[in-house]
Amino acid sequence: MVPLSDRDRAFTLTGILLAMFLAALDQTIVATALPKIVADLGGLERYAWVFTAYLVGSTVLVPIYGKLADMFSRRAIELWAISVFLAGSFLSGLSGEFGELPLLGDAMNQLIVFRALQGLGAAGLLGLAFIIIADLFPPSERGKYQGLTGGVFGIASVIGPLIGGLLTDHGGAIIPGIAGWRWVFYVNLPFGILALIFVITRMPALLPHGEKGRLDALSVVLLVGGLVPLVLGLQLDKTAHPWGAPLTIALLAGGVVLTALFVLRSLRVPNPVLDMRLFSNRVFSTSNLAGFFVGAAFLSIVAFLPLFMVNVVGVSATSAGLSLVPLSLGVVFGSIVSGQIVSRVGHYRALLLIGGFILLVGVFLLSRMDFDIPFWQVAVYMAVAGLGLGPSLPLLTLAVQNAVDVRKVGQATSAVQFFRQIGGLFGTALLGTVLTTSLLANIALNMPAGLGSPPAAVGGSAAGVSSAGTAAVAAQVDEAFAARYRSLSAAIDGGDDAALAAQLTAMGLPEQARAGITAAYERAKGDAQATAALLTNLKSELDAQAQTVIGEVTLGVRKAFASAVTRVYFIAIFIVLVGWLVTWFIPEVPLRKTNAQATEGVLTGGD
Amino acid sequence: MDSKPSSSTNTGRYLVAIFLALIGGIFGVAAAAGAPSATRTAFIVIAIVMIAAAGATLGAALTARKRS
């Protein structure tokens, strides 16, 4: 065992936090780049897999990385994870540059495969940061550093869309000939390599004790085989495959059966991926249960607030990410401050309960937002919710690490990460469905009377509206009226009486208005000047009508969105409440003041 | 943590029962708050199935406890 200097500790911490930042960033960074990616690569019908592939990879392997960290040098596992992540990032950026490739197929397929590879690396980076911090610092000091980790995770999750938008719009200028969206992936390379250098040069091997032995291959197969369909079932677009659809049921049921088999297998083998006896530890079981529900709340807030900001408050799609900064600041502040406090007072339970209560207040406020709410008020609500979310990120992990056998810190820590991620998937799947159904019902209710059918952007699916925003809806209405004018103009210019009559009927104008236009047309026939005057009058009349309809439709869409999103947050109150109630059952175990037990045989000089 | 495997299996049953009941409850709340639709019906069915499964798991845990 060798002592670790403060300098090496700082560099190691920087390296793992940097790597974790990149992995968390990539969960959300692609969202704003996707329209450009699809425009460049094609494959619109498969675009959702760009997210899903990453999500599956970064969720499914979390428990396995935790187990590997208990068996092998944590530095070696971290290096492996960073390398895989960087390879995935580089290849994702290259997607389509060499045309169609054997086995991988077209550009969109290549991107999906490489995103999955990126996710396989990210799974390690997310969990290992917490595990390595557990090696570097004793529980009584660890809160401060876990707080930083929570802060980094919170910032990365929230600012991903902002950075993605900036790189997509302006990245093209970095190196001429390389499209801006490719920098969404390439940007990981310099920072990832820096993290790699810190880890190689400053991090000790961190060899674990006691968890040697062979990894049970069947457990791994059952775990991966169970989690992949489970994650896919939750991630499926529920407008195309509702909860009751055969595919959704088959994926979820298959996933549950294989996961149950994994549990049974884990109870029987000597060296399981996740030791099921950990669940007998009440700190472990209750913290993971609370983490599941907090994860559901966290991802739901992050996922649905941009929709509210774009479609109700009226910020542009590209600055939607920026509008979430108050939430991000709340998370960072809550996470870091709670970490500092727990290091000083040595108790985590009270802080978790206070954080949970603040989150409850924050989500309640979010559920009370109306369509005419000003931005500053949403910002305050977001900051309150963020402040409540902050403490849960580091403290649940700290509580678990402090309570379990040090030989199982890797798998216990990755379990916290895993349950939080699965909770997030569950929350967004459930609440996303509620949003879609509420939105479609509310839009029908809020469309102006007399509008034959809502514009295409607000019809069809809620997903269409979500991405379109009210600006796109307005543009569609404008275009519909412009098309109307073009048809009328063509009929009048061409002297086509039948076409004019058909157009006027199609417009649904009152009989009197139709008669007036027809009379004016008859009078202007053969007189170019009078025809031009008639067309000018019609144009200004239609423009005025378009503005009225745009105003009414936009207001209707805003009201519909406000109502649907607040309904989602109303349900989120119950999710947070359940998590908070579970938190009451987390036992308070005094934080260990030394890391002797944890680091004995862990901090060693070399591999 | 070093409890016997049979005890941890039973603890697991209680945990699964609690988890299923909570998830079932959340689906129930989502159904109650959601607009009438096929999705709402699906949520109600899922909530019932989850809560029934929670009851069955709890029953199994209690039976196992009595036996031991």
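Residue numbers (this note's numbering), protein chains in the order written: chain A, 1 to 607; chain B, 1 to 68.
All C-beta atoms, glycine included, are put in the ideal place defined by N, C-alpha and C.
Just so it is clear, the structure is predicted and the values come from calculations on it, not from any experiment.
Hey, out of the options, whose CA is closest to residue i's CA?
| i | options | result |
| --- | --- | --- |
| A/Leu-17 | A/Val-257, A/Phe-130, A/Ala-506, A/Tyr-381 | A/Phe-130 |
| A/Val-553 | A/Leu-353, A/Leu-509, A/Val-473 | A/Val-473 |
| A/Leu-591 | A/Gly-390, A/Tyr-348, A/Ala-19 | A/Tyr-348 |
| A/Trp-49 | A/Ile-358, A/Leu-194, A/Arg-115 | A/Arg-115 |
| A/Ile-155 | A/Thr-28, A/Thr-548, A/Ser-438 | A/Thr-28 |
| A/Val-302 | A/Val-269, A/Gly-346, A/Tyr-381 | A/Tyr-381 |
| A/Lys-144 | A/Gly-494, A/Ala-513, A/Gly-334 | A/Gly-334 |
| A/Val-224 | A/Leu-4, A/Val-60, A/Ser-540, A/Asp-6 | A/Val-60 |
| A/Leu-398 | A/Ser-338, A/Asn-188, A/Gly-432, A/Leu-299 | A/Ser-338 |
| A/Ile-586 | A/Val-400, A/Gly-314, A/Arg-344, A/Gly-346 | A/Val-400 |
| A/Ser-273 | A/Ala-69, A/Ala-546, A/Arg-7 | The residue you asked about is not Ser; residue 273 of chain A is Val in the sequence shown. Here the closest residue by C-alpha is A/Ala-69. |
Does DSSP put residue i in a helix, a strand or coil?
| i | result |
| --- | --- |
| A/Leu-194 | helix |
| A/Gly-105 | strand |
| A/Ala-245 | coil |
| A/Arg-182 | helix |
| A/Leu-4 | coil |
| A/Asn-271 | coil |
| A/Gly-150 | helix |
| A/Val-611 | Outside the displayed range of chain A (1 to 607) lies residue 611 of chain A, so it cannot be described from this structure. |
| A/Arg-214 | coil |
| A/Ala-519 | helix |
| A/Lys-593 | coil |
| A/Pro-374 | coil |
| A/Ala-240 | coil |
| A/Ile-174 | coil |
| A/Asn-281 | coil |
| A/Ile-586 | coil |
| A/Ser-489 | helix |
| A/Gln-110 | helix |
| A/Val-302 | helix |
| A/Ser-453 | Caution is warranted here: a pLDDT of 49 is assigned to A/Ser-453, below 50, making its placement in the model unreliable, and the coordinate value is therefore given only provisionally. Looking at A/Ser-453 - three-state DSSP - the assignment turns out to be coil, as it is neither helix nor strand. |
| B/Ile-23 | helix |
| A/Arg-407 | helix |
| A/Ser-328 | helix |
| A/Ile-29 | coil |
| A/Phe-570 | helix |
| B/Ala-35 | coil |
Between the beta-carbon of residue i and the beta-carbon of residue j, is there less than 7 Å?
| i | j | result |
| --- | --- | --- |
| A/Arg-420 | A/Gly-291 | yes |
| A/Leu-396 | A/Val-378 | no |
| A/Ala-572 | A/Ala-297 | yes |
| A/Leu-351 | A/Pro-391 | yes |
| A/Thr-583 | A/Leu-353 | yes |
| A/Ala-403 | A/Val-283 | yes |
| A/Val-312 | A/Phe-371 | yes |
| A/Leu-359 | A/Val-152 | no |
| A/Ala-87 | A/Leu-41 | no |
| A/Arg-277 | A/Leu-222 | no |
| B/Gly-34 | A/Thr-201 | no |
| A/Lys-593 | A/Ser-316 | no |
| A/Ala-19 | A/Ser-58 | no |
| A/Leu-299 | A/Thr-428 | yes |
| B/Ala-31 | A/Gly-244 | no |
| A/Tyr-65 | A/Gly-127 | yes |
| A/Ser-487 | A/Leu-535 | no |
| A/Val-565 | A/Phe-364 | no |
| A/Phe-357 | A/Val-578 | no |
| A/Gly-93 | A/Phe-185 | yes |
Could you name the residues of the same chain whose beta carbon sits closer than 6 Å to that of residue i, not counting the 5 residues immediately before and after it, in chain order?
| i | result |
| --- | --- |
| B/Met-50 | Leu-20, Ile-23, Gly-24 |
| A/Ser-563 | Asn-442 |
| A/Gly-226 | Gly-255, Leu-258, Thr-259, Phe-262 |
| B/Ala-17 | Ala-54, Thr-57, Leu-58 |
| A/Ser-285 | Phe-279 |
| A/Leu-232 | Leu-251 |
Consider the Cβ of residue i: report whether some Cβ of chain D lies at a distance smaller than 7 Å.
| i | result |
| --- | --- |
| B/Thr-11 | Absent from the structure is chain D; the protein chains it does hold are A and B. |
Leaving out the 5 sequence neighbours to the left and right, which residues in its chain are closer than 7 Å to residue i when beta-carbon positions are compared?
| i | result |
| --- | --- |
| A/Asn-281 | Ala-403, Val-404 |
| A/Leu-393 | Gly-150, Phe-153, Gly-154, Ser-335 |
**Study point:** Residues of the segment 19-35 of chain B whose Cβ lies closer than 8 Å to any Cβ of chain A, in chain order
**Key:** Phe-19, Leu-22, Ile-23, Gly-25, Ile-26, Phe-27, Val-29, Ala-30, Ala-33, Gly-34, Ala-35
**Study point:** Against chain A: residues of the segment 44-59 of chain B by CB proximity under 9 Å
**Key:** Val-45, Ile-46
Check your understanding: Listed from N- to C-terminal order along the chain, which residues in the segment 560-574 of chain A have their beta-carbon within a distance smaller than 7 Å of any beta-carbon of chain B?
Key -> Arg-567, Phe-570, Ile-571, Phe-574
Check your understanding: If you measure beta-carbon to beta-carbon, which residues of the segment 427-446 of chain A are closer than 7 Å to chain B?
Key -> Leu-430, Thr-433, Val-434, Thr-437, Ser-438, Ala-441
**Study point:** Residues, ordered as in the chain, of the segment 274-288 of chain A that lie near chain B by beta-carbon distance below 7 Å
**Key:** Met-276, Arg-277, Leu-278, Phe-279, Ser-280, Asn-281, Ser-285
Point to revise | Contact residues within the segment 22-55 of chain A, judged by C-beta distance below 7 Å to chain B | key: none
Practice item. Quick one: which residues of the segment 238-261 of chain A get their C-beta closer than 8 Å to a C-beta of chain B? List them in chain order. Key: Lys-238, Pro-242, Trp-243, Gly-244
Point to revise | Positions along the segment 578-590 of chain A whose CB lies within less than 7 Å of some CB in chain B | key: Val-578
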